Amino acid sequence: MSRKKNNSQHLAKISLAVMAIGFIGTIPFQDSLWGTILQGGFEAGLVGGLADWFAVTALFRHPLGLPIPHTALLPKNRKRIIAGIINMLEKDWLTKESIRKKISTIPFTEKLFMLAENAITGQQVRNGITTLIQHLLHSVDSKKIAPIIEHELKTKLRELDTSKYLSLVIDQLISRKYDEKALDFILKEIDEWSSKETTKERLGRLAVEALENIKADGFMQFALKSFTNIVNEEKLGSIIQGLIQKGVVSLRDPYNQNRQTLLFHINSKLQEIKTDENLAIELNTIKEQLISNWQFEEKISEFIEQLRQKALAIIELPHFYDGYLLPLISKALANLKTDQEKVMAIESWIQQLISTFVDNNHAKIGKLVEENLDKLDDKTLINMIETNVGKDLQWIRVNGAVCGFLIGLFLVGLKLIF
Numbered sequence: 001m002s003r004k005k006n007n008s009q010h011l012a013k014i015s016l017a018v019m020a021i022g023f024i025g026t027i028p029f030q031d032s033l034w035g036t037i038l039q040g041g042f043e044a045g046l047v048g049g050l051a052d053w054f055a056v057t058a059l060f061r062h063p064l065g066l067p068i069p070h071t072a073l074l075p076k077n078r079k080r081i082i083a084g085i086i087n088m089l090e091k092d093w094l095t096k097e098s099i100r101k102k103i104s105t106i107p108f109t110e111k112l113f114m115l116a117e118n119a120i121t122g123q124q125v126r127n128g129i130t131t132l133i134q135h136l137l138h139s140v141d142s143k144k145i146a147p148i149i150e151h152e153l154k155t156k157l158r159e160l161d162t163s164k165y166l167s168l169v170i171d172q173l174i175s176r177k178y179d180e181k182a183l184d185f186i187l188k189e190i191d192e193w194s195s196k197e198t199t200k201e202r203l204g205r206l207a208v209e210a211l212e213n214i215k216a217d218g219f220m221q222f223a224l225k226s227f228t229n230i231v232n233e234e235k236l237g238s239i240i241q242g243l244i245q246k247g248v249v250s251l252r253d254p255y256n257q258n259r260q261t262l263l264f265h266i267n268s269k270l271q272e273i274k275t276d277e278n279l280a281i282e283l284n285t286i287k288e289q290l291i292s293n294w295q296f297e298e299k300i301s302e303f304i305e306q307l308r309q310k311a312l313a314i315i316e317l318p319h320f321y322d323g324y325l326l327p328l329i330s331k332a333l334a335n336l337k338t339d340q341e342k343v344m345a346i347e348s349w350i351q352q353l354i355s356t357f358v359d360n361n362h363a364k365i366g367k368l369v370e371e372n373l374d375k376l377d378d379k380t381l382i383n384m385i386e387t388n389v390g391k392d393l394q395w396i397r398v399n400g401a402v403c404g405f406l407i408g409l410f411l412v413g414l415k416l417i418f
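This is how it looks when you write it as structure tokens:
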């Protein structure tokens with residue numbers, strides 16, 4: 001830029017020198033027609049070039065160092081010019097509305113997704129995420145977390161309605177026919193028990209003892225005595241054993257009326273248990289006692305420590321990121337991209353965040369420009385402006401000289417004609 005400025009400034013000086021040399025060189029020929037015309041052109045070009053040189057120079061400094069009024073405009077009006085620039089920035093070029101409008105056209109969420117998709121496969125992000133997870137795992141204090149987990153578990157267990165779950169358990173027992181299975185199990189145990197020889201002997205002995213202990217008078221006493229003399233313990237035991245086994249066989253028959261009656265009775269009792277308030281209170285009391293006496297903080301701490309060690313071991317695996325973490329992150333990003341509601345919510349949040357930032361900091365734009373300009377002294381500021389716009393200003397001088405020359409030729413021509 002500085003080189004272009006110097007070239008244009010050099011050209012402006014040449015154009016002014018050409019006009020001056022042309023004016024002086026045509027003085028001896030002013031009596032001739034062409035001498036008069038050319039002298040008028042060079043004279044006007046010289047005046048135009050000098051006038052534009054004065055105007056351009058007066059913007060930045062005193063021409064020839066002379067304190068001519070209304071020159072060195074930039075140094076004298078520095079504060080007003082800076083204030084004008086700031087006002088133009090804040091109210092015309094970079095208004096809040098224009099910034100918001102520009103922000104609204106930028107698809108931030110789309111760009112964030114593209115950035116994330118490209119970044120998650122990079123080595124730097126891999127190392128960063130892995131290191132972060134390792135740091136978080138090392139920061140876990142199982143002894144501090146265990147009491148919290150224990151407290152939350154006990155709280156949730158206390159909130160459970162025992163009677164509700166009792167009702168669910170009973171419904172499951174009935175739907176899965178555990179009542180029938182339980183009856184069949186009992187019948188099986190009774191059958192096995194009754195078929196034993198020792199059981200037969202015990203049943204016979206108990207029956208004889210029962211008969212002997214029966215108190216009766218007269219004929220009844222004589223009949224009992226005669227019966228016990230005819231039937232001994234072994235026979236009585238066999239009779240009772242046979243009756244029990246027959247009863248078991250009949251109750252195992254799914255179509256047996258006695259079995260159906262017994263199951264109906266069992267189901268009725270189970271249904272009554274659902275609404276048994278005393279049982280519900282007792283169960284809640286038992287539950288509270290179990291929870292209060294349940295001390296498993298140490299077990300939870302050990303479990304957390306085991307999980308942490310396993311997690312750290314998994315992270316150390318070479319394929320951990322590509323095999324475990326990257327698919328999860330990629331799937332999460334893909335699901336998020338297809339969820340338009342969430343995408344719009346994120347986009348709205350970003351737009352709102354930036355708009356709020358602009359509202360809160362818009363005034364700082366002018367302040368920042370003002371602070372940066374105030375750091376520059378007059379010489380540096382003038383040099384900066386000349387460096388950026390000097391080329392155009394020097395062309396004003398060139399154009400002034402050329403236009404003045406052409407206008408001078410035209411005016412002299414008019415004089416000669418009229």
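In our numbering, the protein residues as written are 1 to 418.
The beta carbon of each residue, even a glycine, is placed where N, CA and C say it ideally should be.
Note that this is a predicted model, so its numbers are computed, not measured.
{"Asked": "Close beta carbons around P327, own chain, < 7 Å, minus the five adjacent residues each side", "Found": "none"}
{"Asked": "C-alpha gap between P254 and S175, whole angstroms", "Found": "17 Å"}
{"Asked": "Whole-angstrom distance between L115 and S98, CA atom to CA atom", "Found": "26 Å"}
{"Asked": "Reduced DSSP category for M19 - H, G, I as helix; E, B as strand; rest coil", "Found": "helix"}
{"Asked": "Neighbour-count burial assignment, L251, 16 or more Cβ in a 10 Å radius", "Found": "buried"}
{"Asked": "Best match in V140, Q351 and P28 for proximity to I106 [C-alpha to C-alpha]", "Found": "Q351"}
{"Asked": "Proximity to N267 [Cα-Cα], best of P318, I86 and L173", "Found": "L173"}
{"Asked": "Element boundaries [alpha helix (DSSP H), containing W294]", "Found": "No alpha helix (DSSP H) contains W294, which DSSP labels as neither H nor E."}
{"Asked": "For I81, the nearest candidate out of G366, G408, L409 and V412 (CA to CA)", "Found": "G366"}
{"Asked": "Coarse secondary structure for E316, derived from DSSP in three states", "Found": "coil"}
{"Asked": "Straight-line Cα distance separating A182 from E197", "Found": "25 Å"}
{"Asked": "Neighbourhood of K154 by C-beta distance below 6 Å, restricted to the same chain and skipping five residues each side", "Found": "I291"}
{"Asked": "Span of the alpha helix (DSSP H) around P147", "Found": "S142 to E159"}
{"Asked": "Where I68 falls: helix, strand or coil (DSSP)", "Found": "coil"}
{"Asked": "Residue nearest to I244 in terms of C-alpha spacing, selected from I190, S104 and L312", "Found": "I190"}
{"Asked": "CA-to-CA distance, G84 to N335, given in whole angstroms", "Found": "51 Å"}
{"Asked": "Straight-line gap, I354 to L325 (C-alpha atoms, nearest Å)", "Found": "31 Å"}
{"Asked": "Within the region 226-266, ranges of the alpha helix (DSSP H) (whole runs, at least 4 residues)", "Found": "233-252"}
{"Asked": "Cβ contact (3+ pairs, closer than 8 Å) linking the region 125-141 and the region 271-283", "Found": "no"}
{"Asked": "Alpha carbon of A345 to alpha carbon of N118, nearest angstrom", "Found": "23 Å"}
{"Asked": "Minimum C-alpha distance to C403 - residue among L33, I21, W34 and G40", "Found": "G40"}
{"Asked": "Contacts around F320, its chain only, beta-carbon distance under 8 Å, and the 5 residues preceding and following it disregarded", "Found": "T130 and I314"}
{"Asked": "Proximity of Q406 and I37 at Cβ, strictly below 7 Å", "Found": "The question names Gln, but residue 406 in the sequence shown is Leu. Result no, Cβ atoms of L406 and I37 do not sit closer than 7 Å."}
{"Asked": "Test item: CB-CB of I240 and L270 under 7 Å", "Found": "no"}
{"Asked": "G48 classed as buried or exposed, judged by whether at least 16 other C-beta atoms fall within 10 angstroms", "Found": "buried"}
{"Asked": "Nearest-angstrom Cβ-Cβ length linking T162 and V343, presumed shorter than 8 Å", "Found": "Not a contact, Cβ separation roughly 46 Å."}
{"Asked": "Alpha helix (DSSP H) segment containing F108, residue limits", "Found": "F108 to A119"}
{"Asked": "V369 and I148 closer than 7 Å at C-beta", "Found": "no"}
{"Asked": "Three-state class that DSSP yields for K196 in the structure shown", "Found": "coil"}
{"Asked": "Enclosing alpha helix (DSSP H) for L139 [first to last residue]", "Found": "Here residue 139 is Ser; the residue named in the question, Leu, does not match the sequence. S139 -> alpha helix (DSSP H) spans Q123 to S139."}
{"Asked": "Buried/exposed call for G237, threshold 16 Cβ in 10 Å", "Found": "buried"}
{"Asked": "Supposed close pair K96, D359 - CB separation, criterion 8 Å", "Found": "6 Å"}
{"Asked": "Bounding residues of the alpha helix (DSSP H) (the contiguous stretch that carries L353)", "Found": "Q340 to N361"}
{"Asked": "Boundaries of the alpha helix (DSSP H) in which Y165 is found, first to last residue", "Found": "T162 to S175"}
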